[in-house]
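Engineer: Quick one: this structure, given as structure tokens, is what I'll be asking you about.
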RNA sequence: GCCGUGGUGGCGGAACUGGUAGACGCGCUGGACUUAAAAUCCAGUGAGCUUUGCUCGUGAGAGUUCGAGUCUCUCCCGCGGCACCA
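Residue numbers (my numbering): 150 to 942.
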């Protein structure tokens with residue numbers, strides 16, 4: 150490729166100059182603000198992926214644009230640098246995770262810097278540095294103080310390949326998100342954050358946010374609210390009761406049997422009453438051995454076993470009904486037991502058919518005579534409740550049987566402890582005498598020790614560290630032991646956006662004042678994969694800190710956009726396995742950062758996934774060459790002719806609006822149109838300057854270079870964003886489309902504002918139109934001013 | 001299954017509240033420059049046909065309308081989320 154401009158030279162030159170001028174440095178509290186944020190990367194050993202520059206270019210364009218508009222813009226960058234890959238690398242290669250992480254960050258930083266993003270690097274954060282994780286530990290202590298961090302023995306997700314527990318959010322389709330190993334359930338004593346404390350607010354406030362519908366529903370589904378009632382069923386000849394949660398108390402008269410989860414405590418408690426306990430035990434063993442995936446496989450036939458000798462009483466009609474256990478009932482949702490209404494629930498219906506159980510219709514379906522009807526309707530066979538609608542009956546029947554209305558959620562508390570090394574230590578000490586004792590704030594940070602063996606054994610490697618593990622109790626001074634688990638890396642990333650506001654504060658995690666000025670984040674761009682993890686956690690932490698008086702807003706991220714995946718040329722995901730990965734370094738080398746930035750923005754809408762196309766990059770490079778060539782050879786006009794003025798103002802308008810809407814692809818298209826128009830013409834230097842400012846957020850290096858070459862003294866980024874004049878965009882001559890019966894037949898050019906009478910006359914005089922009307926009577930004449938005419942004959 | 005989202009040339013994609021479908025870019029075709037090529041520049045480029053022009057055309061089918069890529073209904077397909085959640 151011939152190069153008309155030397156991108157390697159000028160991009161380096163301006164990056165150094167901007168650094169030297171510190172033009173991207175921002176101060177707290179100066180004028181109107183924008184906080185524009187891209188999700189900080191995990192600095193992996195593979196280096197930057199072309200997906201990173203996509204989101205980061207988008208935030209950079211927005212940041213530069215708002216600076217041109219006079220805003221004080223915070224656009225920071227940092228490293229989400231704790232985590233498993235560095236530790237696994239350490240196990241394999243014997244390099245300490247700290248060293249490996251340091252090296253990776255260095256590579257990432259070089260790569261990111263080569264793209265010319267306008268970050269304020271003085272605010273760089275690094276979650277694995279003690280200056281940072283000190284405050285992650287502080288956050289833990291604050292949550293602990295308020296009982297929102299607690300330790301509990303519970304069935305948890307365990308990945309036997311990663312040798313650690315996982316949060317629910319890290320289990321995808323029953324598999325470990327990281328290594329795709331089957332996740333198994335284990336009863337372990339683990340630390341949790343009580344996200345459920347804020348569940349109602351987390352759900353409710355989603356609607357008010359400027360997020361994509363997809364993101365909103367994903368998060369709502371994850372929270373999984375359902376409203377229903379809690380009802381109790383007596384178990385005959387015992388003092389026990391079975392509690393169930395149901396969303397359909399209106400169908401209670403149709404409950405013909407009950408089902409317990411195999412793990413339900415009553416099964417063991419009442420084993421003396423169960424005549425076939427041997428068989429039952431066998432069934433329980435069998436379902437325990439099934440993986441999560443098997444158990445939740447929808448296609449499999451339901452199985453279960455009757456608990457012989459146990460009879461429950463339907464509280465609505467005092468009927469005796471049998472009790473089963475079946476693994477289609479989950480132990481960790483609701484009460485782990487259900488009332489089964491086969492006439493009005495698909496699963497119960499299937500089960501009842503298989504085991505020949507009674508089916509009683511209690512809701513009249515509209516018209517169909519099917520046995521199964523799952524909708525709402527009018528009650529029948531329900532004694533005095535007959536004739537009520539479902540919604541009326543829900544309350545009344547619940548009241549009658551002394552139940553109560555209840556809301557259930559799918560979301561669980563956040564499991565935050567991990568049995569691995571490369572994470573923030575949990576600031577807790579266990580003392581035989583005093584119990585669980587939090588590390589006093591003044592003793593933070595609890596430093597991650599070096600005398601450990603990284604080999605994962607299922608216990609945290611910190612267990613082996615003499616310097617770390619054995620400690621004095623802060624309360625009584627006796628021998629005590631530290632908590633050896635570390636925190637989930639998502640704890641670190643749940644508050645990093647706060648730290649940027651005050652990144653070098655060593656007295657507190659952030660000053661209230663700095664948060665008050667910068668937050669909430671005005672625009673947050675990142676991948677959709679964080680919909681249920683990071684974004685829920687950050688919202689939870691924000692609400693918690695608000696309630697503790699540290700900040701004064703409810704939601705951290707007012708507006709989120711999720712950049713789409715960049716696929717490989719073969720439309721598959723880029724992957725080392727397929728050998729189709731594009732390295733941004735190569736693209737920057739060959740075409741330059743400006744070209745890469747603009748190409749990624751030109752590929753399509755930000756939120757769509759789109760395939761890479763090597764040829765497509767050339768189009769952008771050609772465009773930039775054209776701009777460079779044209780600008781540096783410009784024969785200045787004294788005055789712009791009308792056509793130039795018009796296209797310039799049109800372009801200003803389009804680019805301005807498109808940046809605000811993050812429609813970067815069409816903004817670029819309009820700048821190309823501008824160039825296509827003016828290359829044949831001479832324009833004034835003033836107009837050229839304006840155009841260069843429009844382009845500068847997209848291609849900062851080349852615009853800065855041209856700006857200098859055409860004799861402007863100051864950096865282009867000291868300018869104001871150009872304004873457009875709507876009046877100058879309007880054409881005097883306009884093209885009117887002429888349709889006959891809705892079909893385009895001709896167009897005419899007329900003066901703007903022509904009267905309906907005049908244009909009708911002109912239109913009817915057109916030979917083509919005459920031909921189509923052909924003496925027929927005109928039934929209707931439709932005129933859309935300055936646009937079109939439709940003649941109906 | 002439920003929820004969300006999308007389906008437009010050879011390709012990536014444009015089209016504001018219904019109003020000239022295919023902007024912009026890639027590719028392709030022809031031409032200029034060149035010994036030649038690359039690069040660059042100019043022209044063309046949805047399909048079909050009986051080619052001054054006409055017909056068809058935005059996943060399929062119906063509807064509303066003077067007029068539908070855009071609105072309504074039914075269906076098909078892709079992508080993403082949840083999924084035996086009671």
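From the three backbone atoms N, C-alpha and C, an ideal C-beta is built for every residue, glycine too.
Can you list the alpha helix (DSSP H) stretches of 4 or more residues lying completely in the region 439-495, in chain order?
Structural biologist: 441-444
Engineer: Find the nearest neighbour of residue 510 within the set 502, 520, 501, 504, judged by alpha-carbon distance.
Structural biologist: What you label residue 510 is simply residue 361 of the first chain in a count that begins at 1. Nearest C-alpha to residue 510: 520.
Engineer: Using C-beta distances below 7 Å, list every residue in its chain close to residue 222, excluding the 5 sequence neighbours before and after it, in chain order.
Structural biologist: Here residue 222 corresponds to residue number 73 of the first chain, with the count starting at 1. Within the same chain, residue 222 has close Cβ partners 175, 183, 185, 212, 215, 216.
Engineer: Note down, in chain order, each residue of its chain lying with its Cβ closer than 7 Å to the Cβ of residue 924, except the 5 sequence neighbours on either side.
Structural biologist: On the first chain, residue 924 is found 775 positions in, with the first residue counted as 1. Same-chain partners within the cutoff: there are none.
Engineer: Report yes or no: do three or more beta-carbon pairs, one from the region 575-585 and one from the region 626-633, lie closer than 8 Å?
Structural biologist: Touching, per the Cβ criterion.
Engineer: Just checking, does the region 752-760 make contact with the region 853-862 on the three C-beta pairs under 8 Å criterion?
Structural biologist: no
Engineer: Would you list the one or two residues that DSSP bridges to residue 765?
Structural biologist: Within the first chain, numbered from 1, the residue matching residue 765 stands at position 616. Per DSSP, none; premise fails for residue 765.
Engineer: When the distance is taken between beta carbons, is residue 289 closer than 9 Å to residue 571?
Structural biologist: Residue mapping note: residue 571 aligns to position 422 of the first chain, counting from 1. Residue mapping note: residue 289 aligns to position 140 of the first chain, counting from 1. Not a contact, by the Cβ cut-off of 9 Å.
Engineer: Just to confirm my understanding: we take residue 633, look at its own chain, exclude 5 residues before and 5 after, and list those with CB closer than 6 Å. What are they?
Structural biologist: As a working mapping, residue 633 is identified with position 484 in the first chain. These residues qualify, in order along the chain: 609, 611, 612.
Engineer: In three-state terms, what does DSSP make of residue 556?
Structural biologist: On the first chain, position 407 is the one that residue 556 refers to. Here residue 556 sits in strand by DSSP.
Engineer: Output needed for residue 497: all residues of its chain with C-beta closer than 6 Å, excluding positions within five of it in sequence on either side, in chain order.
Structural biologist: Along the first chain, one-based indexing puts residue 497 at 348. Here the set comprises 489, 490, 491.
Engineer: Inspect the beta-carbon positions of residue 550 and residue 409 and report whether they are closer than 9 Å.
Structural biologist: Stepping through the first chain from its first residue, residue 550 is reached at position 401. Stepping through the first chain from its first residue, residue 409 is reached at position 260. Against a cut-off of 9 Å, the Cβ pair of residue 409 and residue 550 comes out as no contact.
Engineer: Pull up the distance between the alpha-carbon of residue 779 and that of residue 828, whole angstroms please.
Structural biologist: Taking the first chain and counting its residues from 1, one reaches residue 779 at position 630. Taking the first chain and counting its residues from 1, one reaches residue 828 at position 679. Rounded to whole angstroms, the separation of the alpha carbons of residue 828 and residue 779 is 7 Å.
Engineer: In whole angstroms, what is the alpha-carbon distance linking residue 890 and residue 830?
Structural biologist: On the first chain, residue 890 is found 741 positions in, with the first residue counted as 1. On the first chain, residue 830 is found 681 positions in, with the first residue counted as 1. Roughly 41 Å separates the two Cα atoms.
Engineer: Compare the C-alpha of residue 867 against each of 839, 887, 885 and name the closest.
Structural biologist: Here residue 867 corresponds to residue number 718 of the first chain, with the count starting at 1. Cα-wise, what sits closest to residue 867 is 839.
Engineer: Can you find a heavy atom of the ligand COA that lies under 8 Å from the Cβ of residue 198?
Structural biologist: The ligand COA is absent from the structure shown, which contains no ligands of any kind.
Engineer: What are the start and end residues of each continuous beta strand (DSSP E) run of 3 or more residues lying completely inside the region 215-283, in chain order?
Structural biologist: 221-223
Engineer: Which residue wins for smallest C-alpha separation from residue 938, given the options 300, 897, 916, 173?
Structural biologist: Translated into positions along the first chain, residue 938 becomes position 789. That would be 897, whose Cα lies nearest to the Cα of residue 938.
Engineer: With which residues is residue 566 paired in a DSSP beta bridge?
Structural biologist: Locating residue 566 in the first chain gives position 417, counting from the first residue. 636, per the DSSP bridge assignment.
Engineer: Work out the CA separation of residue 655 and residue 661 for me, nearest whole Å.
Structural biologist: Here residue 661 refers to the residue found at position 512 when the first chain is read from its first residue. Here residue 655 refers to the residue found at position 506 when the first chain is read from its first residue. Each residue's Cα considered, the two are about 14 Å apart.
Engineer: Could you have a look at residue 658 and say whether DSSP puts it in helix, strand or coil?
Structural biologist: Locating residue 658 in the first chain gives position 509, counting from the first residue. Coil, per DSSP.
Engineer: How would you call residue 322, buried or exposed, if buried means at least 16 neighbouring beta carbons within 10 angstroms?
Structural biologist: Stepping through the first chain from its first residue, residue 322 is reached at position 173. Label assigned to residue 322: exposed.
Engineer: Pull up the CB-CB distance for residue 670 and residue 706, whole angstroms please, since I reckon it's below 8 Å.
Structural biologist: Within the first chain, the letter at position 521 stands for residue 670. Within the first chain, the letter at position 557 stands for residue 706. In this structure residue 670 is in contact with residue 706, their Cβ atoms being roughly 5 Å apart against a cut-off of 8 Å.
Engineer: Pull the bridge partners of residue 835 from the DSSP assignment, please.
Structural biologist: Within the first chain, numbered from 1, the residue matching residue 835 stands at position 686. Residue 835 is not bridged to any residue.
Engineer: Distance, Cα to Cα, residue 461 vs residue 299?
Structural biologist: Start at 1 with the first residue of the first chain, and residue 461 comes out as number 312. Start at 1 with the first residue of the first chain, and residue 299 comes out as number 150. If you take the alpha carbons of residue 461 and residue 299, they lie about 37 Å apart.
Engineer: Please classify residue 188: does DSSP put it in a helix, a strand, or coil?
Structural biologist: Walking along the first chain from the start, residue 188 turns up at place 39. Reduced to three states, the DSSP call for residue 188 is coil.
Engineer: Quick check on the DSSP output: the alpha helix (DSSP H) that includes residue 933 runs from which residue to which?
Structural biologist: Along the first chain, one-based indexing puts residue 933 at 784. Looking at the DSSP string, residue 933 is not in any alpha helix (DSSP H); the run it does join, the beta strand (DSSP E), is 929-933.
Engineer: Verify whether the separation of the beta carbon atoms of residue 463 and residue 404 is less than 9 Å.
Structural biologist: The count along the first chain starts at 1 and reaches residue 463 at position 314. The count along the first chain starts at 1 and reaches residue 404 at position 255. In contact: residue 463 and residue 404 (Cβ atoms closer than 9 Å).
Engineer: DSSP puts residue 338 in a beta bridge; with which residues?
Structural biologist: Start at 1 with the first residue of the first chain, and residue 338 comes out as number 189. Per DSSP, 302.
Engineer: Exposed or buried, residue 455, counting other C-beta atoms within 10 Å across all chains shown (16 or more means buried)?
Structural biologist: In the first chain, the residue the question calls residue 455 occupies position 306. Residue 455 should be labelled buried.
Engineer: Could you compute how far the alpha carbon of residue 595 sits from the alpha carbon of residue 651?
Structural biologist: In the first chain, residue 595 corresponds to position 446, counting from 1. In the first chain, residue 651 corresponds to position 502, counting from 1. Near 22 Å, if we compare the C-alpha coordinates of residue 651 and residue 595.
Engineer: Considering only residues of the same chain and omitting the five flanking positions on each side of residue 688, which have a CB-CB separation below 7 Å?
Structural biologist: Taking the first residue of the first chain as position 1, residue 688 is located at position 539. Only 351, 704, 705 meet the Cβ criterion.
Engineer: Residue 386 to residue 457, Cα distance in whole Å?
Structural biologist: Locating residue 386 in the first chain gives position 237, counting from the first residue. Locating residue 457 in the first chain gives position 308, counting from the first residue. Looking at the two C-alpha atoms, the distance is approximately 13 Å.
Engineer: Distance check for residue 477 and residue 450, CA to CA, integer angstroms please.
Structural biologist: As a first step, residue 450 must be located in the first chain, where it is residue number 301. As a first step, residue 477 must be located in the first chain, where it is residue number 328. The straight-line gap from Cα to Cα measures roughly 10 Å.
Engineer: From residue 475 to residue 436, what does the alpha carbon distance come to, in whole angstroms?
Structural biologist: For the purposes of this step, residue 475 is identified with residue 326 of the first chain, where counting begins at 1. For the purposes of this step, residue 436 is identified with residue 287 of the first chain, where counting begins at 1. Each residue's Cα considered, the two are about 9 Å apart.
Engineer: Using C-beta distances below 8 Å, list every residue in its chain close to residue 157, excluding the 5 sequence neighbours before and after it, in chain order.
Structural biologist: Here residue 157 corresponds to residue number 8 of the first chain, with the count starting at 1. Excluding sequence neighbours, residue 157 sits near 738, 741.
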